[in-house]
Structures are given as structure tokens and as C-alpha cells.
Amino acid sequence: MPVLTGKELRIVGFLCNWCSYGGADTAGVGRFNQPTDLRIIRVPCSGRIDPLFIAKTLINGADGVLVSGCHPRDCHYAEGNFYARRRLEVLKRFLPILGIDPGRFDYTWVSASEGQRWQKVVTAFTEQIHTLGPAPRFDAVAPELLAKVAGAISQGGNRVAA
Amino acid sequence: MAAVKYISREKLPEWLKALAAERRLLVPVEEGGAVVFRAYDPAKAPVFGSDATAPPKGSVFPASKELFSYTYGKEGEDAKPTLTLDPKTTAEPTVVFGSKPCGARGFLIFDRVYMGKKFPDPYYIAAREATVFVTMACDTVENTCFCHWVGSGPADPAGSDLLLTPVAGGWLVEAVSAKGEPLLASPALTDGAAKAAEAEEVKAKTRAALGEAPDISTSKEALLARFDDMDFWRDQSDKCISCGACTYLCPTCYCFSITDEGSGMSGKRLRSWDACMHFQFTLEASGHNPRPTKAHRLKNRVGHKFSYYPTLHDGLIACCGCGRCVKSCPVSVDIREIVQNAVAKAKA
Amino acid sequence: MSRLEELKTRIKEALPGLECVIGWQKGYDALHNTPLFMRSAEDVDKLEWGALNVHNPAVYLPTMAGKKVGVVVKGCDSRSVVELLQENLINRDNIVIFAAGCDGVVDLTKVKAKLAAAGTGAGVVTAVSADGKTVSVTAGGKTVAMPMAEVAADKCLRCQYPNAVLADTFVGTPAPQPTPVPSANADLDALDAMSVPDRMAFWRYHMDRCIRCYACRNACPMCVCRDHCIAQSREPHWLSQDDSVTEKLMFQVVHAMHLAGRCTECGECQRACPMDIPVLALKKHLNRTIHDLFDYQAGVDAAAIPPLLQFKTEEVNIKERSW
Amino acid sequence: MRIGVFVCHCGSNIEGTVDTAAVAKATLEFPEVVYATDTMYACSEPGQDGIIQAIKEKNLTGVVVASCTPRMHEPTFRKAVERAGLNRFMFEMANIREHVSWIGKNREANTNKSLDLVRIAVEKLRRDAPLIPSKFSVNKRVMIIGGGVAGIQAALDCADGGLQVVLVERESTIGGKMAKLDKTFPTVDCSSCILGPKMVDVAQHPNITLHAYSEVDSIGGYVGNFQVKVKKKATYVDWELCTGCGACIEKCPSKKNPDAFNEKIGPCTSINIPFPQAIPKKAYIDATTCRQFVKGKCGVCAKVCPTGAIRYDMTDEIVTEDVGAIVAATGYDLFDIKKIPEYGSGTYPDVITGLQYERLLSASGPTGGHIKRPSDGKEPKNIVFIQCVGSRDKSLDRPYCSGFCCMYTAKQTILTKDHIPDSQSYVFYMDIRSPGKMYDEFTRRAMEEYGARYIRGRVAMVYPKGDKLMVRGADTLAGTQVEIEADLVVLAAGAEAAKGAPQLAEKLRISYDKYGFFMESHPKLKPVETNTAGVYLAGSCQGPKDIPQSVGQGSAAAAKVLALFSKDMLESDPQISRVDIKRCVGCGKCIMTCPFKAIKEVEFRGQKKAEVIETVCQGCGICTSTCPQGAIQLSHFTDNQILAEVNALCQS
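Rendered as C-alpha cells:
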């Protein structure tokens, strides 16, 4: 059982090894209580995080994705988070047009020393996902909703309801 | 053959509802500008006028078919995993209603491959046997139609179980196979003998509209003669963009790929459509590819349909002339033109 | 001399030094033109110029790397050439660009709809004539006159570059830039107006009929991975062969994200789709985002660096969330 | 693959809130896991032996340890699996301590989450491939940035160890803050007397190249092979010719410039040598005050210089130094006391910093070692010292303790009494921080033998009354308000990160905390290492430190460099990117985005392809997420590995 049904939601984190993974460690060392939903995937650098990983995670049914890297200018690899910032921002703005609530994805910067900030981020993000609730799925769109949208499309002509 | 029946436009929904009650009923419907076969929904009128964008190929041979699911089981430490397979060979009884003759005829090409003695395919056989084709003869022809080139025609019953021919107010309904006969029992159908003559007229008129087919009887030899002529194939394939639209929309293209999709201790084996126009189709594990360019691949597609398959299968051309490959090609590659070019070159 | 005749003359002059010149010719019926690869003077005589030249010939250029080829371009096509140059996927020395002012091309889907409304069909077209303002299509014995503004491709209705942004040979007088028409963005406007859950239903509805033929990808001049697209590889294994909406949509996300900052909105992806899936809207949305964030438009400057392949230490338009 | 899973109790650290036995048992249901157990301390010797034994007995080909953070013990366990004969990269960790057991007490949720983390570790491990490091040569030169006492110590130790050392100092002389001090605590020995000889050693050491009045411009390369561009700022004096005779200083007509060395409480000339023991003892011109530059005419120094060393047309020069390791020893700066207006600094000349007071005490200072207050040159009798000015103060965003102020203030009260026997020192303090050998005894002496009056409380304000300053504060022990009439107020200004520290950190690709102090690799176990291989820290750049701590760190950093350079070849981390040339279309997007220039274009059978330079690649993976066709993959963090982790979390 991946998440505790009824209690947890499926939240996936992508964290850079040098800053944010360390920040999450620091939060642990400081015994800063956090919700248990988040599952962290460690990557070397936020620049390694192809936005498509996030899209894939959300389309495949995760309820939330949180990305965290080093603060801008502090990247262990000098530039990774600068690229990441552009790509992640583009993705964040892209999600709603796909029908994915942009609140299901956030990215931020947490340094290895910022255990408290990490606690705050995880807590706030987990709350946000719980407020949104379990993510609707593309392969389980309610028939009524589908019929409504399909009706609008055929009204409006071939492609898009205009 | 059994009695000839008639179904009026008004009565058609009644018949469809009755058919849908007993089995899966697939009908052509409009979806975002395309016409595709979908499970019958009384709220949505089927589209019978023009040929569907995608043929009913998926009814028997789905784009992706789960052949079986598998689960590994383990009991504690170091135990040898057990493997449980759950094959998905059963098929749902289905009626495909309203395809054009070319769409149904495509399965004749499949049958020789998957129902032959050598490698009978249980998945295909089950689906094929569970599916009944209620076909509508054409009363119009499009610029891309060429069924008459390949030994067929706008009212070709081959591959169908019932044939409907448009007549005033409705359709003449003929059973063209034993499998189709039970469907005639519906009270929505009335005797059609009086409409038979009109139907014959429609058939003849439509066939006449197609005109005379060019002689491509030498295509087998003509294409083989071009096998090593890569300049010829370069010229034919220059504009091809190597997508799979022609293949996936073709009622006769039967090639597939097999992939396993596993997660953790379980997974499934998928058989999905493959397209010989894709680079990956013949890509070998080593990285070598015997058909590295689109010229090689288009040569195969045309050669297979008009030469290699007929050679193996009593001259039967592996093309039903529906014209989807021409109509749906983003760059209008025209298979008719290629075959004719090869035939012409062989004559020259 | 008409644009077409002058183009033919200039191409014939250049042809001896070139492997071929890519343009358009008449296709299998009056409604369809088709790409033409000119290798001889006789081939050049088949060249067409006009509203039916819907294809973007830039798509062929990367596959002809190493050969010196000519290409005839509309304004929009030239932007793809610029983008390919920018990404080092073609060599400027090996490309000779022929261009003329473009008065717009038709969207065959719109033409089909017009014909259907007139009680006939695109499959029975026997003649087409166009004078720049009106396209007259004869089908099934009826002639339907269609104002160009109603059947032109959306990209033409908002075209900023009717004349090639880059050309070696530009013939005739430049075409005027059309006044943008609001309906040119109807697809994106409609999506914008939808709720987020409705959009999910929208894509679920449309992607369901995708046949995974990858015509959208292969018609895209910027899809340079081609034979090595991650959609069909196991290493890496981004997509399964499952016939599911999620896999199909994921591919559209891959395509769109890979095009972010590179897409010139030539519209080939959507035009090529045999199932009429409105996939261009995704790219349009991303282009708008790229423009908002980085004030960037692809395919205009061959020396520019695409915005996702560079960065600024201070991003003026990215407002990060504070926690 | 045959995978073994080891779930660590970490005593009760994990076991307290995670059912480790249940986790271990459940992992047996995961693919290819053939062995699973819980273990008390996986990292202990018996713990590691248990792993090794299991690998051998169960023929394991891959190992997952679920325990603490991989940032702690990944190297430990990798070595262990290597000892058992496996490739050390056939190993993954699940962090069930910092990321699970320590952040929540719900045993059910923690156990479940731990199992999920092991699940993704197993899925990743199943896609791991053995990696073999390649070797590359080391340039055995070291650069020390900063010539304070920490940097000097590091430089000398490295040089004595036989290394070529390049020492870069921002000012025109080395010596740093220590050179400005009069005496040092708790021994009260003369600062320049103990530092001076070390500075001379630097100057005379054959293995040390000193770039004074220079700054690091940019840093390229990687451990073993850095290329550092050093900007030698224009001194307008040819140091090859300057003998340090001081003739120019004597004649310079611009004499009233604030003297930076004297913390601006004394004047200096525009051409100057900061202090007599300066190393190098060379003059430089401050172009912002020099008349030749400001007014365009003067030229006095050029006329008087006996060696003709003056060069008004000198410009900044960039020199490139190739080194194999870098030690950052850039020290600290003082909190700007003007930020607390109620103490009156900037308004009242007799409110000064502790470091300014050092200059007043110093025989080489502006007053020749006589304590004279800045306003009128009078000898002060009542001197008030205020502690924690810009330290331990959240409202000023300086919540940390600067560490050494308590001690130097005690020293200054003692020295005050020595200089002016009839003086009285008052010290307003919050707490006395005197942990160190002989430190507490020293503060006691200040109070008991030297009569310094310590008042526990904060000062509310300082205001003038005649030529005196009234210091009003609280005595929290007595519970009363106190007001003291002072002749001089000395503020123990807190230490803060050196100016430009964050910018240098960015060049070094190391982290820094929110105050600008550099981040060490581990707060306890790796105090002088950073997360960037080949870059080390010494002294107060990491956080405020006193002299013995700084010297100790200088030596420690030197030891790290010497250990690094004890090998002729270094092993590169094999977790780098690799190109699948079959898939590469040669578009060069990876080359464009690589921050390390680690990817080059090559020709392969007439086609352009990308190729990774193994020793240059740092393994960030930007290329992998840039390449649209996934042709370049970061080993150990491949697309398929991350996708497998995603799928495991989404589908199971």
C-alpha cells in the first residue's frame, strides 16, 4: 500500500542532493515534525529535473509534486537551478491548460541549512494538496463531465468549442 | 441466401438498440471532426454518409491488446518466484455496424495471416469469430477511392456478414454470411424484396462512378523489378515524413509489436499496432537497421501490399482500396501513383 | 512575370548546383497540393505557388544534411529554417532559400466544413480556384465560394511574417501583413475560458481517438529527434505502447515541452493529424508563456539562444512563491 | 539481480517510530529482493560485517540499506559492499531516519512510508549498472584565498609539506585582522610579535607565491585541475622596484585620508604602506584620494622615488593560476555599528568599535599606543564596553554569537588598566562566553584583579553630556537602571561574513548560509571540507572564530590538501553523463547548457555527435534533462531510473 488510504495523499518530491535534500536532512536532525505524505526522489541537481518527470508523475496519478533545489546563485553545479527555474516555471504555467490544477505542483529553493524552512514548505504544500484533495485522473473523467465537454465541442465545430 | 430485408431510417434506432442490448455494438460517430467507431450511444446519431476516418480495424485487432497479465509471487526469503499468467483470449461478442465494404474486407487479409494453419492466433481468432460485420454499400465515391483496382467494389460483400444498400427511405439488408443471418430476425426489419431492384441500381451506379481501373495486374513483378532501384524509391518517398498514419488507418495493415510493461511484481504483455514506416520497425538490437531510410520503408509498404503478399496468398492484393492512406497522409503520398509508376517503368 | 513564373526561372538557374529544390505541386486532386522535390527543369515546371501550399517544406531539411539543397518557403516556413539554423541542425552554406510573398494558405479542415455545410464533401472536389480573397471549390457538381478570411489557416490570420524572414532569392513584391483577426486564436481562447476540470475532460475526449501515428511529430520541422524520439524508445522508456489516454496525452506533453521556445507555430502538427486533434493549442499556450516570461519569439533570429537553453540570474518575470 | 535489503534500527532512532522488522519482511515482496533483515546499527562494524556476510552467503548482487541519509553514510556502505566484492555503485540507500523517523511519531505512517522509500530504492537499484572510475592527474599546487592568520597557517603548512602555494590577498599586505590587534587573549602577548614571523616566513618561503592587492576573478575546472583567474589590482607602483623605503609616504601631500588599516581612526597618505611589518612591504597608491588621479597633477611620489617605481598608468592585470585545490580563508568583517543609532556611533566620535580600540592600544597605531579618545585626544578615564553589538540580536538579523568578543573585551579592560592605572572600565554584557583553555580564568582576572565592573544588561542609549557620554542601561542582576558617565564607549561589534563572500562562494561553487558564511561539508565531521571536491575552508569565513581556532583550521585545511595531493592520480566520480551515439543527433544543446564545458562535439562516421569529457563532467545532469531524445544519460540518475521511481510511487 503506497499511501495510507484516507490519511495520506500521493505527493512526490524531487530534491537536489546538495541543498534541499540536505535541508530535509537538517529538518530531520532538528526533529522538525512534518506530514508523512511526501516521498522524496533524490537527484543530483534541480537542473536534472526534466519538467517531463513532473508531468509524467501528475498524469500518472500523483496528487502533488514538489521540487526543491539550491537557492539561485548557490547551485553546487553553478547553473543548474537557473535552468530549472525557467523550465519549471514554464511547466507550472502549462499544467492548467492540460487540465491539471497548478496548485498540485510547486517548486522552491531550500538550502542545506534551512531545516525550518523545509518543514514549513512541506507542511504548507501538503496542506495545499489536501485542500485540493485526490487528483482527478485523465483515464477516469466522469461521464457527465465528458458528455458536457463533448457536447460543447460538437456545438462549436470540429476542434475546439469556440 | 436468406430472404432480403428492409430497414427504414426511422426503424434503424430500434434495430441498433436491440443489437446493442445483446452485445457490443460499434458504430461510426463523429468525434471532434473525425469519424470513429465507438460503442453505440442512442443519444448520438451514427454517421453513415462518408467513410469513417479510422476503419473498424480495432474492433478485432485493437491498437493495443493486453495478451496476458502476469504476477510474480514470492514466499519469504530466497524463494524462487512463482509466475502466474492470466491470458486474455476471450473476446466480447461484437457487431460492427455501418462500415464500408472496404473496411470489412480488410480482415480477409488478416485472416490469411492469423487464421492460417501455420500460426493460428488465438486472440485474433476469438475476436474475429465473435464479431459480426453489418456493412453499408457505398452510394458515393470519393477521389481517393480505388477499391475497384484491387478486385473489390463499392458493394463488395467479402468480409461482411450483412450488407446494407442505401435505397429510398432506408436500406436493403442482405445476409451475406451464415453469421449474419440471425441478425435479420429483428422485428424492426421488414421484407425487402420490393427494394432489391433499386438496390441493384444503386450498386451499379456507384460502381460506374468509379470508372475503369487501370491495369495493375503486373504489380507483383513490376515492384519486384524495382527492388534494388533505390533511385526509384527515393523519388517515390521524397515527400514521405515516415509517420504511421497510412499504416494505422489501413484496414489491411496487420503488423504488431510486443512489449512487456511491468511494475513491481506484476505487469502485462501488450500487442500493439506497429508501422513499417517507422525507423524502429526493423531496428535490430545491435543498432543495425536493414531499412534505414524512408525509401526502404516505403518500398516495403508498397511492395508488401502489391507484390509480396499476393505472391504468398494466391494473388490477393493486401489492399482494399479504401484510400485512407492517400486521404489521411499529411503530405498526400499516393500509393496508386507509386504502383502505377512501377508498372509503367516495368513496361518501359 | 508572376511570382510563380519568376520562382521557376530562378530555381532553374540555381538547380545545377543543387541536389534538389523542395517546393509544391498539384496532388491527387484539385484540393490537395503535395510537396515536390525538383531535380530537373521538368520538375520545376510542376511548381505551384498559392493557397494550397499548406505543407512546411522545412521539415525535410535536417534529413538532407550534408547535401546542398534549395527550398521554397512561405514566410512561416522560413521561420522554421531560421530555427533549424539556430540549432545547428542545418548548415547555412548548404541551404538556398527561395521565397515570395505569401497571401495565406487554406485550412483544409475549414474547407471541409464549408463543403459539408453546402451539402457536398471534400472527397469529391473537382476544381479549385483562388484569387487571394476567395477560394472557390467545386465538389459534387456544386461550386462553393469561400472568403479566404473564413477558410485561411489560423496562422495566416495572425501572420506577422508573410514574407520570408530569411531568403537568398525573394521574388515579386512583398505581401502585406494581414490585420490580425480575433478568431485566429479561437482555439486558445476557448481553452482559456474553460475550467481546469473541463480542460481535463477536453483532452480526455480528444486524445481518446489518437492513433499514435506520430504524424504530428513527423510533420513538425522542429522535431529533430525523429527516429530517436523518446516516445518509441525503451532506453529511455518514457511511454508504454498502451492505448490509453494518459500515454497519448503524455506524448503531446513531451512534444509541446520539447518545443517550448522553439516552436514557430507553423501548425503542421495539427494539420497533419489524421484524426483532427487540436494539438496546436498546447504549443500556442506554451508560446504565449514563453513570450510572457522571456519576451521571446522563435524563428526570427538565427543567432538567438532559445530561452530554455539559457537563463538570467535575475528573472524579471518569474515571481517565485514565498512560503 | 539478487538484492539484499538491510533495515537499520539506528538504536531507537529509527526503531522508535518505524517497525523495521515489518519493513524488512515486506520488502521480500519486492522484485528481485532475495534477502531482507533488520539490523541494529548498519553502519557499525558488526552491521557492515553483516552486510558483507549476507552478500557472500546469499550471492547478493545489489544492496539496499534503509537507514540514515545517504549524505552521511553512502560512502561507508559503498566501501562495505566493495569489500564484499560488489561494484560499489550496486548500492542504494533509503533515508528512513532524517526523512521519516525523526520528523514524525506516527509508527504506522512511518513504517508505511519507509517501505515506500525502500521500494523506490529497489527500483532504482534494479537499474543501476556497475561504474568504474577513471583516473586523472593532479596539479599539486594549492591556492589559498585570504592572507589572514588562517590563510597564512594553511599556506605555510602546505608549503612546508612541499606543495607549491599561491596565496591571494585582497589588501596590499597579508596579516588580516590579527595584524591589527595589539595583544591577544588570554596570554596577553603581542599580536604582531607572534604573527610577524609567520608573515615573514610567507614572504621568504620558496614554495609560496604571494599575490597581494589581488582578488579572485573567476574559477574554472574541477578538483585537481582548477584554473583560477586572479585580478591583480593596479597599485600604481612597480613592486619589482619598490624597496619599501617610505620616501614617497613622507613626501605625499595628500595626508588626511582615513586609514583603513587603522580602522579609519587615523589619517594616512594616498601612497602608503599600511604598517611597518607589512608583507609585502610595498607602497600602493589609493587612486580615489591621490592628487595625481583626482586633480590630474602632483607627481610628487614619482619625483622622490629613488628607484623610479611609480607607474600612474598601471592597470589591473589578470593572471591565471592552475591549481589542484583551493582553500578559502577570507575571514570576516565587522557589523556596521551605525545600524544601531541609539549607541551614537557616527554621531559621537568617542563611540568606537573594539577593533578601533585595538588600534588605539597598539604601539604602531595612530596614537603610538597611547589611549587618546578620537574627539579631543584626551586620555579617557571612564570607559564603557558594550557587548553583543550586532550579535545575538534577532531584530538585527544577527542571531548568532560572534564568539570572541567577550574575551577580547576582557583583554581590553586589562590593557586599559595597564595603560591608564586610574581608569575604570565598565562592561555591559548579556552572558559571558568564555569556553576555552584559560579563558574563563582570564575574564575573572579582568574583573577581580583589574577591577573591571561587569554589568549584566543591555544598554538602551548613549547620549552626550558636555564632553562626556552618558550610557544608560539596565542592570538586570540588580534590577535597576544604571547610567554611567563615560569618556569613551567601545562597542564589541559582532563579526559578519566578509564583504563579497557570497560572490566568492558562487565562484567556488560552494554553499553559504543566509549570513554569508561558507557552508562546511558536515558541521561536525567535515568542518574544513566543502561540498565541492578540492575546495576547503579555514578560519572565520565559515563562522566567527578566534585565533587558535583559525590557526587550527588553517592547519586542518592544509592537512586535507596534503592528503588529497598524496596521490598522483585522482579517481573521478563515475556518476557522469554518457552519450548514446546512436541516438545523438548532434544538435549541441547539451554542449550549450553544460556549466563545466564537459561536453565536446566530435565527428563519428561523418556525423556530428556529442562526447563527454569524463574527468570534467561533474554529474549534474543538466544535459540529460536538456537532450530531447534522451541520448545523453547521467549514470546512476538515468531517465529510466527516475521514471522507475516515479512509476513505483504512482502505480503501486
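These protein sequence lines are chains A, B, C and D, in that order. Throughout the first sequence, residue numbering follows our numbering, covering 1 to 162 in sequence. Throughout the second sequence, residue numbering follows our numbering, covering 1 to 348 in sequence. Throughout the third sequence, residue numbering follows our numbering, covering 1 to 323 in sequence. Throughout the fourth sequence, residue numbering follows our numbering, covering 1 to 652 in sequence. Backbone N, C-alpha and C fix where the C-beta goes; we use that ideal spot for every residue, glycine too. None of these values were measured; they are calculated from a predicted model.
Where residue i meets chain B, residues with beta-carbon distance less than 8 Å
i: residue 153 of chain A; result: 32
i: residue 582 of chain D; result: 287
Outcome for residue i when other beta-carbon atoms lying within 10 angstroms are tallied against a minimum of 16
i: residue 316 of chain C; result: exposed
i: residue 161 of chain A; result: Only weak support is given to the placement of residue 161 of chain A: the predicted model assigns it a pLDDT of 30, under 50, and the question is left unresolved by the model.
i: residue 477 of chain D; result: exposed
i: residue 637 of chain D; result: buried
i: residue 59 of chain D; result: exposed
i: residue 258 of chain B; result: exposed
i: residue 23 of chain C; result: buried
i: residue 284 of chain B; result: exposed
Reduced DSSP secondary structure (H/G/I, E/B, other) of residue i
i: residue 58 of chain C; result: helix
i: residue 149 of chain B; result: helix
i: residue 564 of chain D; result: helix
i: residue 129 of chain C; result: strand
i: residue 30 of chain D; result: coil
i: residue 162 of chain A; result: With a pLDDT of 27 at residue 162 of chain A, under the threshold of 50, the modelled position of this residue cannot be trusted, and the question is left open.
i: residue 155 of chain C; result: helix
i: residue 48 of chain A; result: helix
i: residue 147 of chain C; result: strand
i: residue 246 of chain C; result: helix
i: residue 132 of chain A; result: helix
i: residue 277 of chain B; result: coil
Residue i to residue j span [Cα, whole Å]
i: residue 547 of chain D; j: residue 529 of chain D; result: 19 Å
i: residue 121 of chain D; j: residue 240 of chain B; result: 45 Å
i: residue 183 of chain C; j: residue 162 of chain C; result: 18 Å
i: residue 99 of chain D; j: residue 18 of chain D; result: 12 Å
i: residue 96 of chain A; j: residue 287 of chain C; result: 15 Å
i: residue 66 of chain D; j: residue 118 of chain D; result: 7 Å
i: residue 348 of chain D; j: residue 374 of chain D; result: 10 Å
i: residue 117 of chain A; j: residue 38 of chain A; result: 15 Å
For residue i: DSSP bridge partner residues
i: residue 260 of chain B; result: B:269
i: residue 66 of chain B; result: B:270
i: residue 424 of chain D; result: D:382
i: residue 37 of chain D; result: D:6
i: residue 633 of chain D; result: D:578
Under 8 Å from the C-beta of residue i: neighbouring residues of chain C
i: residue 716 of chain D; result: Outside the shown range of chain D (1 to 652) lies residue 716 of chain D, about which nothing can therefore be said.
i: residue 612 of chain D; result: Neighbours of residue 612 of chain D on chain C: none; closest Cβ ~17 Å, over 8 Å.
Residues that residue i contacts on chain A, provided the C-beta gap is smaller than 8 Å
i: residue 618 of chain D; result: 77
i: residue 133 of chain D; result: Simply none; closest approach about 16 Å.
i: residue 506 of chain D; result: 73, 74 and 78
Amino acids of chain D, ordered along the chain, whose beta-carbon sits closer than 9 Å to that of residue i
i: residue 11 of chain B; result: Under the 9 Å cutoff, chain D gives no residues; its nearest Cβ is about 48 Å from residue 11 of chain B.
i: residue 265 of chain B; result: 29, 30 and 31
i: residue 72 of chain B; result: 31
i: residue 229 of chain C; result: 628 and 629
8 Å Cβ cut-off: residues of chain D touching residue i
i: residue 236 of chain C; result: 630, 633, 638, 639, 640 and 643
i: residue 309 of chain C; result: 589, 592, 593 and 626
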